[in-house]
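The listed protein sequences derive, respectively, from chains A and B. Quick note: the first sequence uses my numbering, first residue 19, plus one each step. Quick note: the second sequence uses my numbering, first residue 3, plus one each step. Ideal Cβ positions, reconstructed from N, Cα and C, are used throughout, including at glycine.
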Amino acid sequence: MAFTLYALIQTAILFTNAIAVLHEERFLSKIGWGAEQSIGGFGDEPGIKAQLLNLIRSVRTVMRVPLIAVNSVCIVLLLLFG
Amino acid sequence: MDFQQHGYRATKPRARASPPSGGPLLFDDTSSGPPPMNSQNFYSSEYNMAGASAGGQDPGVGNLFADPMASAAMMYGSSLANQGKDIVNKEINRFMSVNKLKYFFAVDTRYVMKKLLLLMFPYTHQDWEVRYHRDTPLTPRHDVNAPDLYIPTMAFITYILLAGMALGIQKRFSPEVLGLCASTALVWIIIEVLVMLLSLYLLTVHTDLSTFDLVAYSGYKYVGMILTVLCGLLFGSDGYFAALAWSSCALMFFIVRSLKMKILSSFSADSMGVGTSAKPHFRLYITFALAAFQPIIIYWLTAHLVR
């Protein structure tokens with residue numbers, strides 16, 4: 019399995035896109051992974067599920083705009099260079 | 003094969019106040035305090051010579067700069083280079099702290115020797131704690147348990163060269179293969195560090211393991227890989243598997259003992275009493291998973307070289 023750096027970049031873009039398209043109210047709430055279910059009480063440390071939900075929500079918030087730019091660049095490059 | 007010599011014998015122990023001697027500096031060694039004298043002397047002598055000849059004094063002294071235009075251009079060029087260097091430093095400092103990086107490269111020969119020995123034979127080492135000095139961890143120069151980035155970097159480069167040599171011996175060499183080997187190994191390190199960071203975050207393990215620490219611990223496997231490939235080249239298939247078994251066991255032991263202190267017994271800031279989080283056995287799983295991953299990746303990255 020020989021990796022090039024370009025394969026790594028592609029993997030990263032695909033993963034981030036996959037996380038970014040998980041819609042909050044149409045999908046995540048339906049399977050019990052919505053934002054409001056992750057806020058536990060204070061005190062004890064959040065469990066794995068709360069951390070994961072937090073991660074998904076923050077990735078969506080932070081990476082939405084850069085992903086637009088990166089995807090556009092990727093589309094143009096793929097169109098030009100196949 | 004300049005790199006191979008450079009790899010393990012290049013650095014000399016440096017006293018605190020003495021300026022660096024001999025040879026060109028690879029990087030500014032500001033870890034020992036005062037800035038190196040070389041660059042300052044270079045620039046001041048430039049200015050002196052340019053100033054003397056620009057004054058039109060003695061054409062014999064500044065023979066190089068007899069033309070005042072050339073000397074003015076030289077001064078302008080050096081000031082421009084200075085500005086460029088400042089800008090680059092500022093930009094780099096925005097992304098990663100260069101001082102933190104310098105901590106990892108503050109090594110000396112004694113440390114490198116002991117660490118290499120420790121990586122290949124960790125069974126007799128007693129004390130695995132990283133020693134602190136008033137809240138900051140000691141540099142690798144003073145503490146053999148501290149992680150460093152010098153050995154992983156050099157081992158990575160040596161591994162690439164060794165891969166090229168092994169392929170050349172089997173007449174399978176071409177320049178693209180070298181680049182492919184290098185990027186494959188780099189990608190595997192990145193993947194491993196990302197997975198470790200992700201699992202440490204998800205299990206809310208509050209350690210003081212920074213990203214560079216994880217890169218360092220991931221990079222230590224290259225030493226084992228080099229040993230394995232060498233034995234495979236010298237002694238054939240049996241030597242390869244024997245060296246693989248030996249370095250895998252040594253590396254697994256090393257990783258488990260080193261990370262046990264940092265991951266398993268870390269205290270979170272707001273937990274009551276002496277406690278780990280709700281699931282202490284997950285931390286054990288992480289450590290052992292990381293350790294078990296090492297032999298797999300060593301085999302994966304070296305098997306095609308000693309077929």
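Shortest Cα-Cα distance from residue 124 of chain B to any of B:254, B:212, B:284 and B:301 involves B:254. Beta-carbon to beta-carbon, residue 185 of chain B and residue 23 of chain A are separated by about 5 Å, close enough to satisfy the 8 Å threshold.
Contact between the segment 298-306 of chain B and the segment 227-246 of chain B is present: 3 or more CB-CB pairs across the two stretches fall below 8 Å. Closest in alpha carbon position to residue 291 of chain B, among B:201, B:91 and B:245, is B:201.
Chain-order list of chain B residues neighbouring residue 66 of chain A: 204 and 205, by C-beta distance under 7 Å. For residue 100 of chain B, no CB of chain A lies under 9 Å from its own CB, so it is not counted at the interface with that chain. By the Cβ neighbour-count rule, residue 265 of chain B is buried, with 16 or more other Cβ atoms within 10 Å of its own. Chain-order list of chain B residues neighbouring residue 38 of chain A: empty, with the shortest C-beta distance near 17 Å, by a criterion of under 9 Å. Annotation: residue 97 of chain B to residue 132 of chain B spans about 27 Å, alpha carbon to alpha carbon. Contact fails between the segment 174-185 of chain B and the segment 237-253 of chain B, because fewer than three Cβ pairs, one in each stretch, are under 8 Å apart.
Around residue 22 of chain A, the beta-carbon contacts reaching into chain B at under 9 Å are 181, 182, 185, 186 and 189. A Cβ-Cβ contact shorter than 9 Å links residue 114 of chain B with residue 152 of chain B.
Your pair residue 168 of chain B and residue 143 of chain B does not check out as a contact, with CB atoms roughly 34 Å apart and the cut at 8 Å. Taking 4 residues as the minimum length, the alpha helix (DSSP H) runs contained wholly in the segment 216-303 of chain B are 223-261, in order along the chain.
In the DSSP assignment, residue 134 of chain B is bridged to B:139. Taking 8 Å as the upper bound for CB-CB distance, residue 146 of chain B and residue 117 of chain B are in contact here, some 6 Å apart. Residue range 111-122 is occupied by the alpha helix (DSSP H) that includes residue 111 of chain B. At a cut-off of 9 Å between beta-carbon atoms, residue 193 of chain B makes contact with chain A. Counting along the chain, the unbroken alpha helix (DSSP H) around residue 101 of chain B starts and ends at 100-106. Listed along the chain, the chain B residues whose CB falls inside 9 Å of the CB of residue 26 of chain A are 185, 188, 189, 192 and 193. In the DSSP assignment, residue 88 of chain B falls within the unbroken alpha helix (DSSP H) covering 70-97. Of the residues assessed, residue 282 of chain B falls on the exposed side of the cut-off, its CB having fewer than 16 other CB atoms within 10 angstroms.
Boundaries for residue 126 of chain B: no alpha helix (DSSP H) harbours it, and the DSSP string shows neither H nor E there. For a cut-off of 8 Å, the C-beta gap from residue 154 of chain B to residue 222 of chain B is around 6 Å, short enough to register as a contact. Residue burial is scored here from C-beta neighbours: residue 187 of chain B has at least 16 other C-beta atoms within 10 angstroms and is therefore classed as buried. By the neighbour-count criterion, in which 16 or more other beta carbons inside 10 Å mark a residue as buried, residue 150 of chain B falls on the buried side.
When the alpha-carbon of residue 81 of chain A is set against those of A:35, A:44, A:26 and A:28, the nearest one is in A:35.
Non-local C-beta neighbours of residue 195 of chain B in its own chain, meaning closer than 8 Å and more than five positions away in sequence, comprise 213, 216, 217 and 220, ordered along the chain.
Residue 177 of chain B sits in a helix when the DSSP states are folded into three classes.
Less than 9 Å separates the beta-carbon of residue 203 of chain B from that of residue 73 of chain A. Listed along the chain, the chain B residues whose CB falls inside 7 Å of the CB of residue 70 of chain A are 204.
Under the 9 Å criterion on CB atoms, residue 98 of chain A is classed as non-interfacial with respect to chain B.
Residue nearest to residue 50 of chain A within the set A:71, A:88 and A:94 is A:71 (criterion: CA-CA distance). Taking the Cα positions, residue 173 of chain B is about 14 Å away from residue 164 of chain B. In the same chain as residue 232 of chain B, and ignoring 5 residues on each side of it, the C-beta atoms closer than 8 Å to its own belong to 164 and 245, in chain order.
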